[in-house]
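Accompanying notes for the structure given below.
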Amino acid sequence: MYGGRKLVFAYYGSWATYASEPGKFEVSDIDPNLCDYLLYAFFTIDTSGSVIVLDPWLDLQEAGGRGNIRRFNELKRVNPSLKTLASIGGANVSPSLFSQVAASSRLRAQFATNARRFCEVHGFDGVDIDWEYPSSGDRGNFVQLLAELASELHRSGRILTVAACASEFRASQSYDIAGIARYVDYINLMAYDYNGSWDKYTGHNAPLYVGPSDMTDFQQKLNIDHSVKYWLGQGAPGYKLILGVPAHGRTFRLSNAYSHGVRAASCEPGYPAPCSKKPGHITYFEACKNLQNGWTRAWDPVQKVPYAYSGDQWMSYDDSESIADKCKYAVNHHLGGVMMWSIDMDDFRGQFGRTYPLLKTINQCLGR
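As numbered in full-length UniProt numbering, the sequence shown has no gaps in its residue numbers, which increase by one up to the final residue, 368.
See the structure below:
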């Protein structure tokens, strides 16, 4: 663990190259000195256990491609201590692909070999598995898949991590936590998306603690503090847990513009933001633009996160203040470090102050 110091992980969403300005993000926009681990999102698998490049024209340099993977791994020339990981999976990869591979001892071995070779060919230091999400019937097979990967990757000096949903409700169904922890080097806890426009009321994307408006048992468990304590209680060593923090927020359309607190009634997702273009979703730099345009910011002193509203639009997001509180929490609970999802959603150009304000806050709070 780098001599005991806290680690910084950051995911890079390669699709951000297709975003409209000012959100267009290239490998050249990455500051490799702000991370210990950079994770390239995403690659996928097929039913034969092969690792598949999703966007060959962007990722590869053959046939006139842009060679994004090569340029990504060349960032280690700038920071020789940087490690790069190939993240396999993501929300858009069918969980059934992982399920089929994990269920077969032959395919598990084949996938592990192919993952190692993929790292060797492209210059990655290891693999991150982001299976969203194993079913309860996949739990044992997932551990066996990780055991196979760990054996293959660790033999060649490479790293194995997983991205895992932090929430107890998902984790209790999907993961044998002690089994996973036995084989992986680190667990990137996706401690966000606790609330969103799928609900009929507003809520914080990544609350640190339970809040007074959390009335049900379900709501009272939708926070980072509960999640971390659950993972620790299930056998995950603190030093292997990397606390994920978001550079994105969740947006809502209020049912009544005059009722704009937490758990206010919501009728649909918030309007799409100009760059991310997804209803109910916003990047940090777009949230900053909203604030510049006169949105009213409020701070939740119990759950340690901001929110903001304007007319019938409401957003939950994180800023440097809430990120600092999360980093202090990670330190106080002896976790291994902090992860950002994702680097391309920070204010990487410094449109509203310094460049990478959230990522730099993480570094400062971890004493780096």
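The beta-carbon is built from N, C-alpha and C at its ideal position, and this holds for glycine as well. None of the values given here were measured: they were computed from a predicted structure.
In three-state DSSP terms, what is Ser14? helix
Would you report the Cα separation of Ala265 and Leu189, rounded to the nearest angstrom? 29 Å
Spatial neighbours of Asn92 within its chain, please: CB distance less than 8 Å, with the 5 preceding and 5 following residues excluded, ordered by chain position. Phe42
For Arg354, which of helix, strand or coil comes out of DSSP? coil
If distances are taken between C-alpha atoms only, which option among Met345, Pro269, Ser48 comes closest to Asn114? Ser48
Would you identify the three-state DSSP class for Ser316, choosing helix, strand or coil? strand
For Met340, tell me which candidate among Val262, Tyr356, Ala102, Trp295 has the shortest Cα-Cα distance. Tyr356
The beta strand (DSSP E) enclosing Glu268, as first and last residue numbers: 266-269
What did DSSP end up calling Tyr37 once you bin it into helix, strand or coil? strand
Residues near Thr251 by beta carbon distance below 6 Å, same chain, minus five either side: Gly270, Gly280, Ile282, Met315
Between the stretch 189-204 and the stretch 162-177, do three or more beta carbon pairs fall short of 8 Å? yes
To the nearest angstrom, how far is the alpha carbon of Ser320 from that of Val78? 26 Å
Can you check the stretch 22-90 for any beta strand (DSSP E) of at least 3 residues that lies completely inside it and give the ranges in chain order? 37-45, 51-53, 83-89
Does DSSP put Arg139 in a helix, in a strand, or in coil? helix
Quick check on this structure: which residue in Asp130, Ile242, Ser172, Gln219 has the alpha carbon closest to the alpha carbon of Tyr230? Ser172
For Glu152, which of Asp125, Trp131, Ser136, Cys275 has the nearest alpha-carbon? Asp125
Do Leu243 and Val338 have their CB atoms nearer than 8 Å? yes
Using the three-state DSSP reduction, which class does Asn188 fall into: helix, strand or coil? strand
Sequence-distant residues of its chain with Cβ nearer than 8 Å to Lys240 (five each side left out): Ala181, Val184, Asp185, Tyr186, Ile187, Gly336
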